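Here the sequence shown stands for residues 1235 to 1311, where the numbers follow our numbering. Glycine is no exception: its CB is placed at the ideal position from the N, C-alpha and C atoms. In this text, all values refer to a predicted model and were calculated from it rather than measured experimentally.
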Amino acid sequence: AKKAGCKISFDVNYRGKLWTPEEAGKSIRAILPYVDYCSAGSLDAQHFLGIPPYTGESDKEETIYYYQKMQEAYPNI
């Protein structure tokens, strides 16, 4: 799809009954270099990508924080 010019999206959507957090994190980190858009929650970012917890108080700023950290690690997103 990427070679054809399509944008690739990925939703973490972790399911604990399907695999362990360690297995999921390893797979997610392997996939992210190939995607353009990623949907991930704050716990996904912390548990699977190793992003430190947000320490501020604003929900809006928390969302921005996690996506900025994801983009630092994966500039393609």
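Cβ-Cβ separation, residue j to residue i (assumed contact under 8 Å), whole Å
{"i": "G1250", "j": "F1282", "result": "Not quite, the Cβ-Cβ distance comes to about 12 Å (not below 8 Å), so this is no contact."}
{"i": "E1296", "j": "S1276", "result": "6 Å"}
Buried or exposed (CB count within 10 angstroms, at least 16 for buried), residue i
{"i": "D1293", "result": "exposed"}
{"i": "I1285", "result": "buried"}
{"i": "L1266", "result": "buried"}
Coil, strand or helix - residue i by DSSP
{"i": "D1278", "result": "helix"}
{"i": "A1288", "result": "First, the residue type needs correcting, since residue 1288 is Tyr and not Ala in the sequence shown. The answer is coil: DSSP assigns Y1288 none of H, G, I, E or B."}
{"i": "D1293", "result": "helix"}
{"i": "Y1299", "result": "helix"}
Nonlocal neighbours in the same chain, by C-beta distance under 8 Å from residue i, ignoring five residues either side
{"i": "P1255", "result": "Y1248, H1281 and F1282"}
Proximal residues to residue i (C-beta, below 6 Å), its chain only, five neighbours per side dropped
{"i": "V1269", "result": "I1242 and F1244"}
{"i": "Q1305", "result": "I1311"}
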